[in-house]
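Here my numbering = 1-based position in the sequence shown + 413.
All C-beta atoms, glycine included, are put in the ideal place defined by N, C-alpha and C.
The block underneath contains the structure these notes are about, expressed in C-alpha cells.
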Amino acid sequence: MNIDALSTGLTTVQALVASPAFAEDGLCFAAGGTGLCISTDGGYTWRNTYATLDLKMPLATAAVALSPGFRDDRTIWAGAVGGVLRSHTAGMDWIVAGLPSPPPFVSELVVSPHYAEDGLVFAGTMEDGVLRSWDRGASWAAWNFGLLDLNVYALAVSPDFACDDTLYAGVESGLFCSRNGGRAWRETPFPMEVAPVLSLAISPNFAADGVLFAGTEANGLWMSADRGVTWRALPAWETPGPLNALILAPTWTPQQSILAVTDAALCLSHDGGASWQVKRDAELTAITCAAAPSGVQFGARILLGTGDGRVLLCKLS
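Take a look at the structure:
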C-alpha cells in the first residue's frame, strides 16, 4: 500500500473532516491536542487555524464538523475544552461559544442534515452528556433526560432527521437513542457486555432500511437493520482492536461498502460486512480517525489521523 505520512504539527490527531468539494479544493481539517489545522492541498501541508485567536496556551480540540452547506456558507465548528468554536470563513477567523459550567470536554460534533432550516448542532462530551444548539452554535444547553451514561464517544444523526428526529449516542455502557431531536433519550437493547461503543455509522437510506452500525472497543462491529431494536455481530477479522472510525459508501444501495478503521488496519467490505479485506502496513499504527472524501470504492483516497500528530494519505486497493 502506498502511504504518504505528513506531519500536521499537532501532538495528536483526534478528528478529520474534508470539504465536500475536496477533489477540487483539497480542503481538509485536522483536530488534535494542540489545536485545529487546515490543509488546502489535500493534506500535504498544514497550518494551525487558531493563530488569529492569540491564545496564550495551545487549545486541545477533539472534534470538528462542517455545515452540510459548507460549499456555500463555509461554516465549521470545532469542539475544545470548555467551548465550541465556529467560523463562517472556513477557519480564517473564529467565534467562541462558552459551554455550561463546569467546562466540559467536547468529544464529538454532529450537524443536522437540515441545518439550513433548523440550525441544529449537537455536541457529545466526556462526563457531561450531550449538548444541543438550536441557533447554529451560538449558544448551547445540556439535553440529557434519560441519558444514563454521560461519557459520549460517538454521535450519529439520521439522514431523515427532518422527519424522524432520530439521533444516536455511543457511550461507555452501550448505545442510547433519541427520537425527539435530542430532547430525551432511551437506552437501546445493544448488548452491554460488548460496550463501549466508539464509532457509529447510519445508512444513507436509513428511512427505508433502518440500518445502523456500531463499532466497539474490543468486540468488533455490530449491525442493526431495525433502527437499533435488535443487533447482531458481523464476522470478525483476526483481532478486531478498537474500531475508531466507520465510513459507509454514499451509495449504500446497491453498493454496500463499509470502511472500518482500527488502530492498526483498514478493513474493507463490499457486501455489507459479510466478508472483509484487511489492509495492513508498517505505517498503519496508532490510527485514531479517518475521512474518505471520495467514498470507499476501489482507488478512493483516504485520510487517516494518528496518535502522534500525523495524517496518512493512501488509496484503497
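I think residue i touches residue j, with their Cβ atoms under 8 Å apart; what is that distance to the nearest whole Å?
i, j, result
"Pro526", "Val570", "7 Å"
"Leu568", "Glu521", "5 Å"
"Leu656", "Ser612", "5 Å"
"Gly496", "Ile451", "Wrong, their Cβ atoms sit about 19 Å apart, outside the cutoff."
"Leu533", "Trp547", "6 Å"
"Ala475", "Ala444", "6 Å"
"Pro471", "Thr447", "4 Å"
"Ala713", "Leu729", "5 Å"
"Ala703", "Ala658", "4 Å"
"Ala678", "Arg693", "5 Å"
"Val494", "Ala473", "5 Å"
Hey, would you say residue i sits closer than 8 Å to residue j, going by beta carbons?
i, j, result
"Leu449", "Ala491", "yes"
"Pro663", "Pro617", "yes"
"Phe589", "Ala597", "no"
"Ala614", "Phe626", "yes"
"Arg484", "Ala436", "no"
"Gly654", "Asp684", "no"
"Gly718", "Val426", "yes"
"Ser670", "Gln710", "yes"
"Arg592", "Thr579", "yes"
"Ala695", "Asp721", "no"
"Thr629", "Val642", "no"
"Leu440", "Ser432", "yes"
"Gly456", "Leu661", "no"
"Leu513", "Ala555", "Leu is not the amino acid found at residue 513; the sequence shown has Pro there. Taking 8 Å as the Cβ cut-off, Pro513 and Ala555 qualify as a contacting pair."
"Arg487", "Gly550", "no"
"Gly511", "Arg545", "no"
"Ala646", "Asp622", "no"
"Asp506", "Thr465", "yes"
"Leu726", "Asp438", "no"
Buried or exposed: which applies to residue i, given that a residue is buried once 16 or more other Cβ atoms fall within 10 Å of its Cβ?
i, result
"Gln690", "exposed"
"Ser420", "exposed"
"Asn461", "buried"
"Gly537", "buried"
"Phe535", "buried"
"Phe558", "exposed"
"Ile508", "exposed"
"Tyr463", "buried"
"Gly587", "buried"
"Leu634", "buried"
"Thr502", "exposed"
"Ala620", "exposed"
"Asp541", "buried"
"Cys576", "exposed"
What is the DSSP secondary structure of residue i, counted as helix, strand or coil?
i, result
"Thr719", "strand"
"Glu437", "helix"
"Leu561", "coil"
"Val709", "coil"
"Thr701", "strand"
"Tyr581", "strand"
"Thr462", "helix"
"Arg645", "strand"
"Arg549", "coil"
"Ala529", "helix"
"Ala621", "helix"
"Ala673", "strand"
"Ala662", "coil"
"Ala575", "helix"
Taking DSSP's pairing of strands, which residues face residue i in a bridge?
i, result
"Asp417", "Leu726"
"Glu600", "Phe589"
"Gln427", "Looking at the DSSP assignment, Gln427 forms no beta bridge with any residue, so it has no partner."
"Thr538", "Val519"
"Ser500", "Ile489"
"Val610", "Thr629"
"Met636", "Phe626 and Arg645"
"Gln690", "Leu681"
"Phe442", "Val430 and Ile451"
Using a Cβ-Cβ cut-off of 8 Å, state whether residue i counts as contacting chain C.
i, result
"Lys728", "No chain C is present in this structure, which holds just one protein chain."
For the ligand ZN, any of its heavy atoms closer than 7 Å to the Cβ of residue i?
i, result
"Thr421", "Questions concerning the ligand ZN fall outside what the structure shown contains, since it holds no ligand whatsoever."
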